[in-house]
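Student: Residue numbers (our numbering), protein chains in the order written: chain A, 1 to 348; chain B, 1001 to 1123; chain C, 2001 to 2572.
Sharing a structure with you now.
Spelled out as structure tokens, the structure:
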């Protein structure tokens, strides 16, 4: 980033503002491309992981080697699909909803620190900002379901909204113990505080943080609407839930957003609990961005593993789990981490 | 301070542009052959009856209210969390914890009340 | 067989019992329509817990044109009895829906297909045919060439129904500080689950009335793939019906084949050879395994446990390979023949089946590891879709769904056929009658089927495959090509069909999903005069609306999967 500023200011002769804008546009474009790539790669990965768990192969033909081009082909196919807007739908909202879902995810990506200094938006309230903008996804889903004027979509949206707002609370609460240690919400600061090998990662700092990590993990599955918590979709109950009426590119946006969100929550987990760009062994930090991405992909794999192993919970059980189990547990984690910190005299 | 949020705005703009490009591409490449059947609302093959824009189930409304309460409480925790270390360093650890303890206690009392009232039951 | 019941009827009703006979060992009594309800009520008290089915037969030449046969069964005493009434056209028959719940749909079917009106029936509408359909398809004088176009879907809930449901829901809320506001009819949504829904596994429709996620009321509609199997059968020879039976329960075609062959053999008065019987047992049990695999894995998919699907479906796929090798097709086997089988087993069948059964063990063990103690699975299935034993009997439940309520009733054990008495096996039962028990009973039954197959393979008798009766079984090819008698024999059997002596027989067996029966009426020609199927899932699905009331949509879906409703046999 610094090098980029230097390049634009010194070599290209821009003033500071122009350089800022140029760099930000480049970063934003990179973000978008990475996000689209992620969606494509993770779709393929999901199919391969599912295949592996289900004693079958998954895609094998398209592109020869293990069907690597399957997701690309799917995307191209979707581009050529008809865009159907039901006659009964609330047109403006129907059209806007997928964009909102996509934006909610993409905006959050901007605050992810891939490597030291390499972050599109280096915000003091980074973590807070991430949780704030991901709430847009809820709005998008609610809007999609309501605007579709379809009963399945309505139920999907209602369930989705209830689920996502509920699980946002344990999600927030689970990260609070970490902030206790860092004293900062800046995403880079959070990662920097975990320098020094695997034992310095927040997940292993104290028992409360360890529990908080798993609480975060469970809540993050719910936030991304994936099995066993795929209430808004539940294809065997609600046909396709909130996106029942969506076709073509608009459907693809929801799809893109699902995988973008999946990687987003995994990256947040890595950033907050799993040492961010630091390698597990101190001093081996040659490729911070690669280390960050590898950890992120491992978290994604864990997420997929869970999805393809567990049955789906029922909507009341889902709420029960959130309100009666996870919120109390995460509250205990917050208080417990504070006491632990004081008792051990540990300072981040 | 606010110029730090400039990239956010730009990300927003770039996302909009890309989304527009993809929608445009799909508009250009995809067929458009609407008909009454295709544009009808799906309900497993039976013509839809009634509107979905009804009075929304009170259950979801309750969840939204609880969310507002608890999410705000969680947000209120953040300033304390940020100040915890400085206070710890200043030897006010017990005070900081007690302060938080009171706040969380209020939260828990409300929580227990909602629980006992059956507000968390789905049915 | 059920002399006791007939005696008690004769004691009680004396001369009101117009006739007693026992065609092919099926005890039957004839009563006047006015006394029908008394007789059924008496039988119910005397221990007949279940009305299996109501068969209607049309005799246009008789003054009392329609003959209704009520098939009754007592589980406690393991007895059966048939009650017959004869009624003139348009003369109402008192409805038995108040005595047996299964009568509701059974009578609707008779009303729909034959036009017999039932007085006092709670909901006398068409069932299999479209509500706009005119005429009654199973009447002998129905012009089958006449096409009818019916397209408008039926509203299962009227606006008054919805208003009433809202009122009822309001009445139930007695707590004054309940957070619920007063429900208004416009707050309720009617949602159609099916006919085109991912979880109905076939074209069924359930319209549910929802208050939020709760199902206040449900109503079902069937008949989407009704294809007049029974009418078709009347136009074919007895042997030609065989391939159509494949399409009834397409998940276990072998069972349909074998039981159909058995039913016709019973009507003729012959019995298959020991070897054919043993082969029928083997393929039937393989079929049962496949059916259970499909049911369990689809049920698990409905609950969201997708991975289990492959662990079970791979096994099914593998067993299908064997079946394909055996009879040339996978789904529609058409393997049994009246009087024997189409052909013998192939070389190496024995070893192949044994490997397949081992694969099944592995697949089932994998699935059990994933679900048996899985908290989510248990939360989703235990106490979901519960039916009590008494209700299950009254609704006409049979098979695994009945056994899940704890009643160890299996026709293979208690009315053995095809030599089932020679095999040693258990009847797995559940305790609760919920979705969990239905799944677990099926899982356990696969183990029993495996054991039956192994025993049958071990003692597979040699000897002829088909019975030695030229009037039933086609002559061997050498004889057809080598002698005029053979050609004549083949010709007569193919063109005129097997001449089943005039009479009737109810042949039944334990289908994968319960009692599968064929009520055969022959007038002595080569064609069935009437062939009525008793599909096991028909009465089971009739209870579905009751079963899901008060639950949630996810429960309704999980329950539907565990009942194993196969639209092919439901609609015929």
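Every residue gets a Cβ at the ideal spot worked out from N, C-alpha and C, and that includes glycine.
What number of angstroms, rounded off, separates the C-alpha of residue 2001 of chain C from the C-alpha of residue 2024 of chain C?
Tutor: Interpretation of residue 2001 of chain C is limited by its pLDDT of 49, a score under 50 that renders its predicted location unreliable; the figure taken from the coordinates is listed afterwards. Rounded to whole angstroms, residue 2001 of chain C to residue 2024 of chain C spans 11 angstroms at the Cα level.
Student: Does any residue of chain B bring its CB to less than 8 angstroms from the CB of residue 323 of chain A?
Tutor: Judged by the 8 angstroms Cβ criterion, residue 323 of chain A is in contact with chain B.
Student: Can you list, in chain order, the residues of the segment 2188-2201 of chain C whose Cβ is nearer than 9 angstroms to any Cβ on chain D?
Tutor: The structure shown contains no chain D; its protein chains are A, B and C.
Student: Taking all protein chains shown into account, decide if residue 1038 of chain B is buried (16 or more other Cβ within 10 angstroms of its Cβ) or exposed.
Tutor: Exposed, since its Cβ has fewer than 16 Cβ neighbours within 10 Å.
Student: For residue 314 of chain A and residue 2554 of chain C, which I take to be in contact (beta-carbon distance under 8 angstroms), what is that distance rounded to the nearest angstrom?
Tutor: Right, their Cβ atoms sit about 5 angstroms apart.
Student: Residues of chain A with a CB under 8 angstroms from the CB of residue 1117 of chain B: which are they?
Tutor: By Cβ distance, chain A contributes nothing, its closest Cβ being about 13 angstroms from residue 1117 of chain B, past 8 angstroms.
Student: Do the CB positions of residue 216 of chain A and residue 161 of chain A come within less than 8 angstroms of each other?
Tutor: For residue 216 of chain A and residue 161 of chain A, no; Cβs fall outside 8 angstroms.
Student: Assign residue 74 of chain A to one of three DSSP states: helix, strand, or coil.
Tutor: In this structure, residue 74 of chain A counts as helix in the three-state DSSP scheme.
Student: Please report the Cβ distance between residue 2068 of chain C and residue 2053 of chain C, rounded to the nearest whole angstrom; I am assuming they are in contact, meaning their Cβ atoms lie under 8 angstroms.
Tutor: In fact, because the Cβ distance is near 11 angstroms, the residues do not count as touching under 8 angstroms.
Student: With 9 angstroms as the C-beta to C-beta threshold (strictly closer), list the residues of the segment 131-151 of chain A near chain C in chain order.
Tutor: Those would be 151, in chain order.
Student: Any C-beta of chain B sitting closer than 8 angstroms to the C-beta of residue 2318 of chain C?
Tutor: Not closer than 8 angstroms to any Cβ of chain B, the Cβ of residue 2318 of chain C fails to qualify, so no.
Student: Return no unless some Cβ of chain C is closer than 8 angstroms to the Cβ of residue 1046 of chain B.
Tutor: Closer than 8 angstroms to some Cβ of chain C, the Cβ of residue 1046 of chain B qualifies, so yes.
Student: Would you say residue 2212 of chain C reaches chain B, if we count a Cβ-Cβ gap shorter than 8 angstroms as a contact?
Tutor: Closer than 8 angstroms to some Cβ of chain B, the Cβ of residue 2212 of chain C qualifies, so yes.
Student: Given a threshold of 16 other Cβ atoms within 10 Å of its Cβ, counted over all protein chains shown, does residue 207 of chain A qualify as buried or as exposed?
Tutor: Per the 10 Å Cβ criterion, exposed.
Student: Go through its chain and collect everything with a Cβ distance to residue 72 of chain A's Cβ below 7 angstroms, but skip five positions before and after it.
Tutor: If we look at residue 72 of chain A and ignore the five residues flanking it on each side, its Cβ neighbours are 40.
Student: Using 8 angstroms as the Cβ pair cut-off and three pairs as the minimum, do the segment 227-238 of chain A and the segment 302-317 of chain A touch?
Tutor: Result yes; three or more Cβ-Cβ pairs closer than 8 angstroms.
Student: Are residue 2434 of chain C and residue 2382 of chain C closer than 8 angstroms when you measure CB to CB?
Tutor: For residue 2434 of chain C and residue 2382 of chain C, yes; Cβs fall inside 8 angstroms.
Student: With residue 2017 of chain C as the anchor, note down where its beta strand (DSSP E) starts and where it stops.
Tutor: Residues 2017-2021.
Student: Please determine, among C:2359, C:2264 and C:2431, the residue with the shortest C-alpha to C-alpha distance to residue 2404 of chain C.
Tutor: Minimum Cα distance to residue 2404 of chain C is reached at C:2431.
Student: Determine which residues share a DSSP beta bridge with residue 2564 of chain C and list them.
Tutor: Bridge partners of residue 2564 of chain C: none, in fact.
Student: Can you name, in chain order, every residue of its own chain whose Cβ lies under 7 angstroms from the Cβ of residue 60 of chain A, other than the five neighbours on each side?
Tutor: Around residue 60 of chain A: 66 and 67.
Student: Helix, strand or coil for residue 57 of chain A, going by three-state DSSP, please let me know.
Tutor: In this structure, residue 57 of chain A counts as coil in the three-state DSSP scheme.
Student: If you draw a straight line from the C-alpha of residue 1086 of chain B to the C-alpha of residue 1060 of chain B, how long is it?
Tutor: Distance between the alpha carbons of residue 1086 of chain B and residue 1060 of chain B is about 41 angstroms.
Student: Could you give the DSSP three-state label for residue 164 of chain A: helix, strand or coil?
Tutor: Reduced to three states, the DSSP call for residue 164 of chain A is helix.
Student: Give me the residue from A:96, A:131 and A:285 with the minimum Cα distance to residue 148 of chain A.
Tutor: Comparing Cα positions, the closest option is A:96.
Student: Check each candidate in C:2253, C:2541 and C:2550 and name the one with the smallest Cα separation from residue 2564 of chain C.
Tutor: Answer by Cα proximity: C:2541.
Student: Report all residues from its chain with a CB closer than 8 angstroms to the CB of residue 247 of chain A; omit the five preceding and five following residues, and keep chain order.
Tutor: Answer for residue 247 of chain A: 81, 82, 83 and 84, listed in chain order.
Student: Cβ of residue 2307 of chain C less than 8 angstroms from any chain A Cβ?
Tutor: For residue 2307 of chain C, the answer is yes, since a Cβ of chain A falls inside 8 angstroms of its Cβ.
Student: Could you name each continuous alpha helix (DSSP H) segment of 4 residues or more that falls completely within the segment 1035-1099 of chain B, going from the start of the chain to the end?
Tutor: Listed in chain order, they are 1058-1089.
Student: Over what stretch of residues does the alpha helix (DSSP H) that includes residue 99 of chain A continue unbroken?
Tutor: Note, residue 99 of chain A: alpha helix (DSSP H), 91-109.
Student: Note down, in chain order, each residue of its chain lying with its Cβ closer than 7 angstroms to the Cβ of residue 2277 of chain C, except the 5 sequence neighbours on either side.
Tutor: Around residue 2277 of chain C: 2418 and 2419.
Student: Any beta carbon of chain B sitting closer than 8 angstroms to that of residue 81 of chain A?
Tutor: Yes, contact with chain B.
Student: Span of the beta strand (DSSP E) holding residue 2190 of chain C?
Tutor: Taken as a continuous stretch (DSSP letters only), the beta strand (DSSP E) holding residue 2190 of chain C covers 2189-2193.
Student: With a floor of 4 residues, list each alpha helix (DSSP H) that falls wholly inside the segment 2426-2466 of chain C, ordered by position along the chain.
Tutor: The segment 2426-2466 of chain C contains these whole alpha helix (DSSP H) runs: 2435-2458.
Student: Please give the ranges of any beta strand (DSSP E) in the segment 2493-2572 of chain C, keeping only runs that are unbroken, at least 3 residues long and fully inside the region.
Tutor: For the segment 2493-2572 of chain C, whole beta strand (DSSP E) runs of length 3 or above, ordered along the chain, are 2503-2511, 2514-2522 and 2528-2534.
Student: What are the residues in the segment 1019-1047 of chain B lying within 8 angstroms of chain A by C-beta distance?
Tutor: Flagged, chain order: 1019, 1022, 1023, 1025, 1026, 1027, 1029, 1030, 1031, 1032, 1033, 1034, 1036, 1038, 1039, 1040, 1041, 1042, 1043 and 1044.
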